[in-house]
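Numbering (our numbering), first residue to last: 64 to 472. Backbone N, C-alpha and C fix where the C-beta goes; we use that ideal spot for every residue, glycine too.
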Amino acid sequence: MPTVLVIGGAAPRESGFVRDICDRAMDQFRKRGVRVVLTDTRENLAAAPELTALADEVHELDFADVSACQDWAVAYARHSPVQAVVGYREYAAVSVASVAALLGVPGNPPEAVRLVRTKDECREHLRRHGFRQPELTVCASEEEAADFLRNHGPEVVVKPRRGSSSEGVSRVSDSAAVASAFRAAQDADGLALVEEFVHGREFSVEGLFTQGSPHVLAVTHKVLAPGGFVEMGHTMPAALAADEEAAVVSTVTRALRVIGLRRGHFHVECWVTESGVVLGEVHARQGGDWIHAMLEWCHPDLELYGQWLDDLLGVPSAGAPARATRGAAVRFLAPPTGVVTSVGGWSEVAGDPSVLAASCTLTVGSRIHPVTCNLDRHGAIVVGAEDAGLAEAKADLLRSSLRVEVRRP
64 MPTVLVIGGA APRESGFVRD ICDRAMDQFR KRGVRVVLTD TRENLAAAPE
114 LTALADEVHE LDFADVSACQ DWAVAYARHS PVQAVVGYRE YAAVSVASVA
164 ALLGVPGNPP EAVRLVRTKD ECREHLRRHG FRQPELTVCA SEEEAADFLR
214 NHGPEVVVKP RRGSSSEGVS RVSDSAAVAS AFRAAQDADG LALVEEFVHG
264 REFSVEGLFT QGSPHVLAVT HKVLAPGGFV EMGHTMPAAL AADEEAAVVS
314 TVTRALRVIG LRRGHFHVEC WVTESGVVLG EVHARQGGDW IHAMLEWCHP
364 DLELYGQWLD DLLGVPSAGA PARATRGAAV RFLAPPTGVV TSVGGWSEVA
414 GDPSVLAASC TLTVGSRIHP VTCNLDRHGA IVVGAEDAGL AEAKADLLRS
464 SLRVEVRRP
């Protein structure tokens, strides 16, 4: 019986889509009859007793500590061989790849995963191979960031070199705002990435590697908050002209090969501009924000995690699914700033038969702060329908039917 080691595979119910990923993966692994060794932090394991009960073994391990994961896995494998290593989190990706390489089992090359985890290095790698990329620089001071704005404005983006969920990301057009944006994006070395702002329609590309080849499952349209980068919704599949979709798919799959990724899921951001496709950030994991659930709805026979495991174990596959046969959309909750005085209509929203998943953290007395990153949102409504247009319309309708009263500050 093969053993799969899961690095960072637990989460509390309150984490929403993160816990749903863990649940789906565990269910698909159990269906395949493998031994599941589940690892995560003490806090995450304690918050997920239903998951730990389904695992064959459970161990405390910090998924973000690459050295600790390597040492633990080598010691474990001395008495219990491991045939596959998986993980679902951005901050577990390097650990997963490094452990797989150390144990000699299939996985992504660690150097490829490290490359995509550092945004400026990945951008320059892609630029050297002929892909369109925004101009950028790594700044060590506010003055350097201000210089870049003067030379590459009128707008720039200031962001951490490594990060996710749009934390610390700012769109800046005024030199007076550079200092605060730089401080929000600085890493432990005092550095921040500044790049030119790309004008275009923004999408993400979701897919799965099979036998080393990338297969695109869907192109997703992003709905962004006005003037920022916080994602307020996604629609799948995106309404793209056939030639635009072909260009997006071709660009992304070529880029993945150039980077050297070859196993598991991928989530690649991009823009469609007047001059062509411009690649954004590349991730060696599935998309967040319930994109995994939308993919499995749009492809009814898809098991996103089970088919990944099949590929790692060399189990014959029917191949990547054909085009999506249904549509899905998610809309996020972000009321105006203030204090919540009433919430109405949630039970009707959550109980609608088209809803695939729904969460709402708003209660009377909740303090609503400005939404500066994806973690500031207050819930989600995920809808499945016959096609993307119907799903999008239904998700918008359900969100608008939720009655949230807020007392402004």
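- CYS333 is positioned such that its CB atom lies closer than 8 Å to that of LEU342.
- The three-state secondary structure of PRO173, taken from DSSP, is helix.
- Per DSSP, reduced to three states, the secondary structure at CYS436 is coil, with no helix or strand assignment.
- If one requires a minimum length of 3 residues, the beta strand (DSSP E) runs lying completely within the stretch 195-251 are 199-202, 219-222 and 233-235, in chain order.
- Ranked by Cα distance from CYS361, the options ALA443, VAL418, PHE329 and ALA448 are led by ALA448.
- About 23 Å separates the Cβ atoms of PRO399 and VAL446, ruling out a contact at the 8 Å cut-off.
- Here the stretch 179-194 does not lie against the stretch 377-397, with fewer than 3 beta-carbon pairs under 8 Å apart.
- Taking the Cα positions, VAL403 is about 14 Å away from ARG440.
- DSSP places LEU419 in the uninterrupted beta strand (DSSP E) bounded by 418-423.
- Here THR316 is near PRO277, since their CB atoms are less than 8 Å apart.
- The DSSP-derived three-state label of TRP353 is coil.
- Around the beta-carbon of THR388, fewer than 16 other beta-carbon atoms lie within 10 Å, marking it exposed.
- LEU101 carries a strand assignment under DSSP once its states are collapsed to helix, strand and coil.
- Within the same chain, and ignoring the five residues on either side of ALA131 in sequence, the residues whose Cβ sits closer than 8 Å to its Cβ are LEU124 and ASP125.
- If you check the CB distance, ASN107 and ALA155 do not come in under 8 Å.
- In the displayed model, VAL321 falls within a helix according to three-state DSSP.
- Measuring C-alpha to C-alpha distances from VAL201 to each of VAL81, THR181 and PRO217 identifies THR181 as the nearest.
- A check of alpha carbon separations from ARG348 across HIS328, ARG177, ARG471 and GLU366 identifies HIS328 as the nearest.
- Cβ contact annotation for ARG98 (same chain, cutoff 6 Å, sequence separation greater than five): MET64, THR66 and ASP119, in chain order.
- Secondary structure note for ARG264: its beta strand (DSSP E) is the uninterrupted segment 264-273.
- Per DSSP, VAL427 lies in no beta strand (DSSP E) segment and is marked neither H nor E.
- Three or more Cβ pairs closer than 8 Å define a contact, and the stretch 78-97 meets that threshold against the stretch 145-154.
- Residue pairing by DSSP places LEU342 opposite CYS333 in a beta bridge.
- CA-CA distance, VAL100 to ALA116, rounds to 11 Å.
- The beta carbons of VAL412 and THR426 sit no closer together than 8 Å.
- Inter-residue distance for VAL137 and GLY167 is about 11 Å (C-alpha atoms, whole angstroms).
- Remark: C-beta atoms of ALA208 and VAL257 approach each other more closely than 8 Å.
- For MET64, no alpha helix (DSSP H) segment is defined, and its DSSP state is neither H nor E.
- ARG95 is positioned such that its CB atom lies closer than 8 Å to that of GLY369.
- The three-state reading of DSSP puts PRO277 in strand, counting E and B together.
- According to the DSSP secondary-structure assignment, ARG394 is paired through a beta bridge with GLY296 and ILE444.
- Relative to the Cα of ALA160, the nearest Cα in the group HIS297, MET89 and HIS346 belongs to HIS346.
- Note: SER405 is bridge-paired with GLU468 in the DSSP secondary-structure output.
- For ILE431, DSSP records a beta bridge to GLY401.
- Closest option to ALA301, judged by alpha-carbon separation, among GLU294, ALA240, CYS423 and ALA281: ALA281.
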